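Engineer:
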Amino acid sequence: MKAILLLEDGTVFEGKSFGAKGYKCGEVVFNTSMAGYQEILTDPSYHEQIITMAYPLIGNYGTNKQDWESKKNFVSGFIVKENCNYPSNWRNQQSLSDYLKENNIVGLEGIDTRALVKHIRTLGAMRGIISSDEFNIKTLKQKLDEYPGLVGRDIVKNVTSKKPYKWDKGVIDVLENKELKPEKKYKVVALDFGIKQNILRLLRSHGCEVLVVPAKTSAADILAKKPDGVFLSNGPGDPAPVDYAVDNVRKLLGKVPIFGICLGHQILSLALGAKTYKLKFGHRGANHPVMNLRTGQIEITSQNHGFCVDMDSLAHKDVELTHLNLNDKTNEGLFSKKLKAFSVQYHPEASPGPHDSNYLFNDFIKLMKKA
Amino acid sequence: MPKRKDIHKILIIGSGPIVIGQGCEFDYSGTQGCKALKQQGYKVVLVNSNPATIMTDPEVADKTYIEPITPEIIEMIIAKEKPDSLLPTLGGQTGLNAAVALAERGILKKYGVRMIGADLKTIKKAEERDLFKQTIIDCGLEVPKSGYAHSWEEAKKVVEEIGFPAIIRPSYTLGGTGGNVAYNLDEYKKYIDWGLSLSPNKQVLVEESVIGWKEYELEVMRDKKDNVVIVCSIENLDPMGIHTGDSVTVAPAQTLTDKEYQIMRDASLKIIRAIGVETGGSNIQFAVNPADGKLYVIEMNPRVSRSSALASKATGFPIAKIASLLAVGMTLDEIPNDITKKTPACFEPTIDYCVVKWPRFTFEKFPKTNPNLTVQMKSVGEAMAIGRTFKEAFQKAIRSLEIDRYSLDNKYIDASLSKTQLRDKLRLFCWDKLWYVAEAIRRGFSTEELFDLTKIDPWFLDNIKDIIKFEDKIKKKAAKSKALSKDELQKAKELGFSDKYLANLFGVPENDFRLNRIEQGVKAVYKMVDTCGAEFEATTPYLYSTYEKECEANPTTRKKIIILGGGPNRIGQGIEFDYCCVHAAFALKEIGIESIMVNCNPETVSTDYDTSDRLYFEPLTFEDVMSIVEKEKPDGVIVQFGGQTPLKLAVPLEKAGVKIIGTSPDSIDLAEDRKRFNALVKKLKFRQPDSGTAYNYEQTLKIANKLGYPLLVRPSFVLGGRAMRVVYDELELKNCFAEAMEVSGEHPILIDQFLGEATEMDVDAICDGKHVVIGGLMEHIEEAGVHSGDSACSLPPVTISKKVLKQVIEQTKKLAMELKVRGLINIQFAIKNDEVFILEVNPRASRTIPFVSKSIGVPLAKLAAKIMAGMTLEELNFTKEVEISHYCVKEAVFPFLKFPGIDTILGPEMLSTGEVMGISDDFGRAYAKSQIATSNTLPESGKVFFSIKDSDKPRAVEVAKSLYGMGFKIMATKGTCIEFIKNNIPSEFVLKVYEGRPNIVDNIINKDIDLIINTAIGKQSILDSFSIRRSALDRQVPYVTTIRGAVAVAKAIEAVKGHKLKVKPIQAYYKKGNKK
């Protein structure tokens, strides 16, 4: 059973199909994490993206309900070197291919994924179409031509929750099966641009009462909830067209402590007057070194972003650049003491990835405590 | 943080001789460490007793002491060199133990030396079980239940709490020596006694068994600013209960979700901080219950280790180098990633391939020992393979082992086993279990049943099942005489099937199959090991093969030479050959030729991406080498440096049109082919023992009758005296014939007249076709009949007359010219009654090359490589022999302690794993140092026990006289005692073991004996005296098993008695040598 990937530059990768049948367009990106494919698949930030896993053996431990990062799937396709149909793990509930089938995700396996990763690394992330039922290149090319790509489009609206909801689940210790739910001390409104559930779990486990609200919720509505702090979530695509959120955040600045992650970081930056730009092929993995510029300490971080905040554009603003990516020296975090707002480009909630940056949730708590 | 300015001179302690559990990985890490620190401008003082290491090359450290690694000796070095710092974490357990001893004896304090990297407190926290246990518990983590025992009484109490099975681990021993699993009280008593006797501080840990759990390892690094990264995760295919050194292991971890992996990562971070490893690398081992994920912390090594070497090779992240830089205060973000150049070393490598490490065993050398695997390490080496899938890497690893197995085929095992017998095999931890697993899969065993029997994770079992399924498909095609389609061929190669096995299934020659495959367009491509899963561009060509679309090899158009390495370490072929390969790479670099290394041994310096211009981490088989040759199109291939492994490939490679440089394969054949060689010796009018070759027993017997006994019987084309025996009668001949024949394969077996009582010599020389220069003349301490690799030797010779030496030199030169040697040649001679006999000629790098090079201060292997590349000895300015005024003694180190129940007597089959060198201005002291370095420290007074075979008695009298004269008390068994008394040597009579009690073994156990001299001949006598040698070994009483050894011992004792030994760096010896 065949499946192919056609890239916008005409390159074709042909392999075997697994998961669902069909075709889908998206931006083709790669992730270098060796584990954590389930969290990646369920991260709404990957909306409209076809993910290539750099690590060749995927599906080894199957999937389970505990490790989901959202209720739904938003990815456009999933590409691996070798999919494992005999998962082995004490928490496994369903094989990866069954999971993809059930969630209607088209998978492609058996291609030279390293060649594809190098292709993207060299030429940049590009549009592509993954297909397991249509193989006529001309037809696929047409469909791909119709796909607009990510730049300049608001795709947050596809992934944000339609209605506000309360979140009350904490982080679960998977070995002890214990949930960490301390007493609620702070009220946090989380703006959902495509939020990962582990952020919500961590907020809850740090003693927050969490209310998740749709991306377009106005500043006034948010303030009306009398939150101790506002959280700006991660999410997919280009931050620039999410101007409504930028406007709202601008209105919130100084009125309530703010913490942003990933797209939330970009939105906060835009609200502070910065500019963002598209990276050549983005940062997606669980091994990126980030220096905390205040302490000089290095955090190994989980990353997933294709756009980035232009540091120069923040130069004359009253903000402190707090974190720096040591691989390519791009901005990873900022803090405005005056406005009691801070944000990071990477993912302190991990899932998947190291827990080195967990302390940022404490920082948020401290900030709310002070305010 | 920049490097520390308060550090100027750093002492590094090496790991000493290669032993089981401590291989050449510490040469790899030590060399990296020395180089890195020197580059930073620090003065480096090194002590290591092992001459066969790159780290003891005179350029690597500023001052190099090839001296025994004991606190006394190191104190002398400290007093002389006055280092301000000691880096204790590069020299394995030996280095760490030595550092602990120096600290505890107050020596470091006395001379103002501070430990960097890890201090005494940290080392103790990691090494001492109760401290470790408490630290782990304080971290909120768990360890298996355990307790310490210092006596049988305590041990009994501990096991009452823990229950059976119980794991017994003696404290402070290497590679888990003395570790065992006891299932009942009888076994428990036995292992406790043994463990207590082995532990230097008479302490054993008894631990709850988690046999059958999953085993993981994480390699962790920490810097001064408390940045911590995980370099690599390793999952063991074999479950807990098998020492990780003996387990097939895989990187990265395969069957953990991110959640579970992060729990382990968090734990590792907590542990390295709590133990307090300030800077550097550590290895942390975990056990995971496959049923519920429960996590136990098993062990932590606060130093570089075998696993860290593996992790470095598996990821391209040089742990030892970086650990050294961190030790002097640099931080991870200040050190660049060598491979990408642009990104820093403070990251966690991510890989896009799968790595499989497979241990190499040599149970065939020790037929009397139990070959099942336990918590004590028994393997002598390892091979690593890289593939894009586990299946590919797994099958590549099999053929990397060089055990003449190229697949999971059942021809390698007894395939006629019944299902019940097969189940029994699967329950045992035997070294070749995976072939039984494959067979069980063929017979339809379910994954569940196999998991129940073996506790190998189902993920691995199902992967193996995929391989077997495809094998079945191929077999069915072959049975119908149908060829594989291109797609099937591609798939087979993707799964890692070797050409050799596939060709075999189709009944065609391997090369025909290979050529056909290439014609069909199914070719290997090469991918890079780049630390980052292709996220960044890599600049270091560190490559592995796979069967995919894109090839990243990008060969250059430079003049280039491929060096074939030696593969996994084994007895007979170890670090010495890697040393030579590394020198070849350095030499080529010096003369502007691109060096391309091919090897599959992760422990070595040769597989450091820094050593050669390009590195192919590949199996050393015809198929894999040819693929590289076809890709690189080199100007030549060097086969003479890697031992027997590449040498075996010489002829097939040449036949396939590959240019072998240096001595021609025809000359190699001339030296190895008995008939051709005999004709040559005859032509030159030299002598050799009479001999014959035989293909069957009839021929063998005929030759035996013609030559008369004793005879030396051996296979051809083997290294390390594999299956070599001295036989005294027809019965013994019959017994050893079959094995020799089997090992010899298609080649004949060789039968030589055995020259008893002869002195053996080893000569290494170098030849460019015009001139021959002798590198070194070595006199063996032990008599002919003891394998040259097992015999101690002295350079220069001690007892051989000038006249004989002249003959030896002349014969060596003539033979080298006659064999048209271009490079190195090694010849073994026997001297009997001043007559010279040629025993063996090897026109290649020998095991003694590093020893000779260190002795004379000339890098012979480097020179030889340059000669192979076309230079002359004149151009290299090496036309005259180096005369030295000091003595160098090489002594062998044996793994007997690891194998309970085996004899320590020496013979023609090589059994040693490593070597040490003693160096001094006279022979006696050099020999004494060599003995100290092998932990056979000779007494200066006390009781000497003799039990001597008749033919040795005259010389035993001399030895006894000499020792008596020095004040030793003499004890002897009946015959020997009578002989002594006859010669006016007062001697106390002791019973042999079968003569009643109290006997000699009682004396040994009661610590009543300080030195044992025991020689025996003939089956019965050897059997009778076995318990003497074994108890001497187990109780660590110095012993000698040859009379010549005893003579040397007497000389050594005389030389050191009352005189303090002195230390001197090798650089100082060379200066002196050059002036002469």
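Same order as they appear, the protein sequences are chains A and B. Quick note: the first sequence, position 117, residue 781 per my numbering, numbers continuous. Quick note: the second sequence, position 988, residue 1010 per my numbering, numbers continuous. Think of the CB as a built atom: it goes at the ideal place given N, C-alpha and C, for glycine as much as any other residue. Only a predicted model underlies this, so the values are computations on that prediction, with no experimental measurement involved.
1. Using a cut-off of 7 Å between C-beta atoms, extract the partners of residue 721 of chain A located in chain B.
2. For residue 987 of chain A, write down the residues that DSSP places opposite it in a beta bridge.
3. Tell me, please, whether the stretch 910–917 of chain B touches the stretch 938–945 of chain B by the rule of three or more beta-carbon pairs shorter than 8 Å.
4. Which same chain residues end up closer than 7 Å to residue 949 of chain A when comparing Cβ atoms and leaving out the 5 residues on each side of it in sequence?
5. If contact means a Cβ-Cβ distance below 8 Å, which residues of the stretch 949–972 of chain A contact chain B?
6. Using C-beta distances below 6 Å, list every residue in its chain close to residue 75 of chain B, excluding the 5 sequence neighbours before and after it, in chain order.
7. Between residue 218 of chain B and residue 154 of chain B, what straight-line distance do the alpha-carbon atoms span, to the nearest angstrom?
8. Please return the same chain residues whose Cβ sits closer than 7 Å to the Cβ of residue 297 of chain B, not counting the five positions on each side in sequence.
9. Could you check what DSSP says for residue 538 of chain B in three-state terms: helix, strand or coil?
10. Decide yes or no for the touch test of the stretch 752–759 of chain A against the stretch 717–732 of chain A: beta carbon pairs closer than 8 Å, at least 3 of them.
11. Does the CB of residue 839 of chain A have a neighbour CB from chain B at under 8 Å?
12. Quick check on residue 324 of chain B - is its C-beta less than 8 Å from some C-beta in chain A?
13. Is residue 112 of chain B near residue 342 of chain B, with beta carbons less than 8 Å apart?
14. Tell me, to the nearest whole angstrom, how far the beta carbon of residue 944 of chain A is from that of residue 788 of chain A; I am working on the premise that it is less than 8 Å.
15. Per DSSP, which one or two residues make a beta bridge with residue 640 of chain B?
16. According to DSSP, is residue 366 of chain B part of a helix, a strand, or is it coil?
17. Under the assumption that residue 882 of chain B contacts residue 790 of chain B (Cβ atoms under 8 Å), give the Cβ distance between them as a whole number of angstroms.
18. Compute the Euclidean distance between the alpha carbons of residue 683 of chain A and residue 795 of chain A, then round it to the nearest angstrom.
19. From the beta carbon of residue 1098 of chain B, is the nearest beta carbon of chain A less than 8 Å away?
20. Hey, out of A/826, A/997, A/778, whose CA is closest to residue 956 of chain A's CA?
21. Does the stretch 401–416 of chain B come close enough to the stretch 576–586 of chain B to have 3 or more Cβ pairs within less than 8 Å?
22. Rounded to a whole number of angstroms, what is the C-alpha to C-alpha distance between residue 1017 of chain A and residue 493 of chain B?
23. Can you pull the DSSP bridge partners for residue 802 of chain B?
24. Taking 7 Å as the cut-off, is the CB of residue 805 of chain B close to at least one heavy atom of the ligand FMN?
25. Going by C-alpha distance, which of B/100, B/1023, B/754, B/160 is nearest residue 35 of chain B?
26. Taking the alpha helix (DSSP H) that residue 757 of chain B belongs to, which residues open and close that run?
27. Would you tell me roughly how many angstroms separate the C-alpha atoms of residue 718 of chain B and residue 802 of chain B, rounded to the nearest one?
28. Is residue 775 of chain B close to chain A? Criterion is C-beta to C-beta, closer than 8 Å.
29. Let me know if residue 15 of chain B comes out buried or exposed under the rule of 16 or more other beta-carbons within 10 Å of its beta-carbon.
30. Need the endpoints of the alpha helix (DSSP H) that residue 885 of chain B sits in, please.
31. Measuring CA to CA, which of B/314, B/955, B/169 is closest to residue 88 of chain B?
32. In the DSSP assignment, find the unbroken alpha helix (DSSP H) run with residue 686 of chain B in it and report its ends.
33. What would DSSP say about residue 831 of chain A, mapped onto helix, strand or coil?
34. According to DSSP, which residues form a beta bridge with residue 793 of chain A?
35. Since residue 461 of chain B and residue 437 of chain B should fall inside the 8 Å C-beta cutoff, what is the C-beta to C-beta distance between them, to a whole number of angstroms?
36. Among the candidates B/243, B/397, B/1086, whose CA atom is the shortest distance from the CA of residue 269 of chain B?
Structural biologist: Put simply:
1. The sequence position of residue 721 of chain A within the first sequence is 57, counting from 1. Result: 276, 376, 411, 412.
2. If you number the first sequence from 1, residue 987 of chain A lands on position 323. Its beta-bridge partners are A/956, A/997.
3. yes
4. Taking the first residue of the first sequence as 1, we reach residue 949 of chain A at position 285. Once the five neighbours on either side are set aside, the close Cβ partners of residue 949 of chain A are 695, 696, 697, 967.
5. 949, 950, 951, 952, 953, 955, 960, 961, 962, 964
6. By one-based count along the second sequence, residue 75 of chain B stands at place 53. Correct list, in chain order: 49.
7. In the second sequence, residue 218 of chain B corresponds to position 196, counting from 1. In the second sequence, residue 154 of chain B corresponds to position 132, counting from 1. Each residue's Cα considered, the two are about 20 Å apart.
8. Residue mapping note: residue 297 of chain B aligns to position 275 of the second sequence, counting from 1. Answer for residue 297 of chain B: 144, 147, 148, 157, 322, 324, listed in chain order.
9. By one-based count along the second sequence, residue 538 of chain B stands at place 516. Helix, per DSSP.
10. yes
11. Here residue 839 of chain A is taken as the residue at index 175 of the first sequence, counted from 1. Answer yes: the Cβ-Cβ gap between residue 839 of chain A and chain B drops below 8 Å somewhere.
12. To locate residue 324 of chain B, count along the second sequence from 1; it is residue 302. With 8 Å as the cut-off, residue 324 of chain B does not count as an interface residue toward chain A.
13. Translated into positions along the second sequence, residue 112 of chain B becomes position 90. Translated into positions along the second sequence, residue 342 of chain B becomes position 320. Their beta carbons are under 8 Å apart, which means residue 112 of chain B touches residue 342 of chain B by this criterion.
14. Indexing the first sequence from 1 puts residue 944 of chain A at position 280. Indexing the first sequence from 1 puts residue 788 of chain A at position 124. Sure, about 4 Å apart at Cβ, within 8 Å.
15. Reading the second sequence from its first residue, position 618 is the one you call residue 640 of chain B. Per DSSP, none; premise fails for residue 640 of chain B.
16. Taking the second sequence and counting its residues from 1, the one referred to as residue 366 of chain B is at position 344. Of the three classes helix, strand and coil, the one that applies to residue 366 of chain B here is strand, per DSSP.
17. Here residue 882 of chain B refers to the residue found at position 860 when the second sequence is read from its first residue. Here residue 790 of chain B refers to the residue found at position 768 when the second sequence is read from its first residue. Not really, about 13 Å apart at Cβ, beyond 8 Å.
18. Position 19 of the first sequence, counting from 1, holds the residue named residue 683 of chain A. Position 131 of the first sequence, counting from 1, holds the residue named residue 795 of chain A. Going by the C-alpha atoms only, they are around 11 Å apart.
19. As a first step, residue 1098 of chain B is located in the second sequence; it is residue number 1076 there, counting from the start. Its pLDDT being 34, under 50, residue 1098 of chain B is placed unreliably in this model, and the coordinates cannot settle the point.
20. Along the first sequence, read from residue 1 onward, the residue named residue 956 of chain A stands at position 292. Per the Cα distances, A/997.
21. no
22. On the first sequence, position 353 is the one that residue 1017 of chain A refers to. On the second sequence, position 471 is the one that residue 493 of chain B refers to. Distance between the alpha carbons of residue 1017 of chain A and residue 493 of chain B: 38 Å.
23. If you number the second sequence from 1, residue 802 of chain B lands on position 780. The partner list for residue 802 of chain B (beta bridge, DSSP) reads B/815.
24. With respect to the ligand FMN, the structure offers nothing, as it holds no ligand at all.
25. Residue numbering aside, residue 35 of chain B sits at position 13 when the second sequence is read from its first letter. Of the listed residues, the one whose Cα sits closest to residue 35 of chain B is B/100.
26. Translated into positions along the second sequence, residue 757 of chain B becomes position 735. Note, residue 757 of chain B: alpha helix (DSSP H), 752–766.
27. Counting from one through the second sequence, the residue named residue 718 of chain B turns up at place 696. Counting from one through the second sequence, the residue named residue 802 of chain B turns up at place 780. When rounded, the distance between both Cα atoms is 33 Å.
28. For the purposes of this step, residue 775 of chain B is taken as the residue at position 753 of the second sequence. Chain A, which has no Cβ nearer than 8 Å to the Cβ of residue 775 of chain B, makes this no.
29. Within the shown structure, residues of chain B are numbered from 23 to 1098, placing residue 15 of chain B beyond reach of any answer.
30. As a first step, residue 885 of chain B is located in the second sequence; it is residue number 863 there, counting from the start. Run containing residue 885 of chain B: 882–890, per the alpha helix (DSSP H) assignment.
31. Translated into positions along the second sequence, residue 88 of chain B becomes position 66. Checked all of B/314, B/955, B/169; the closest Cα to residue 88 of chain B is B/955.
32. As a position in the second sequence, residue 686 of chain B is number 664, starting the count at 1. Counting along the chain, residue 686 of chain B falls outside any alpha helix (DSSP H), and DSSP gives it neither H nor E.
33. Working through the first sequence from its first residue, we reach residue 831 of chain A at position 167. Residue state, collapsed to three classes: strand.
34. By 1-based counting over the first sequence, the position of residue 793 of chain A is 129. Paired residue(s): A/670, A/689.
35. As a working note, residue 461 of chain B is residue 439 in the second sequence. As a working note, residue 437 of chain B is residue 415 in the second sequence. The Cβ separation is near 6 Å, so the contact holds.
36. One-based indexing of the second sequence puts residue 269 of chain B at position 247. Of B/243, B/397, B/1086, the residue nearest in Cα terms is B/397.
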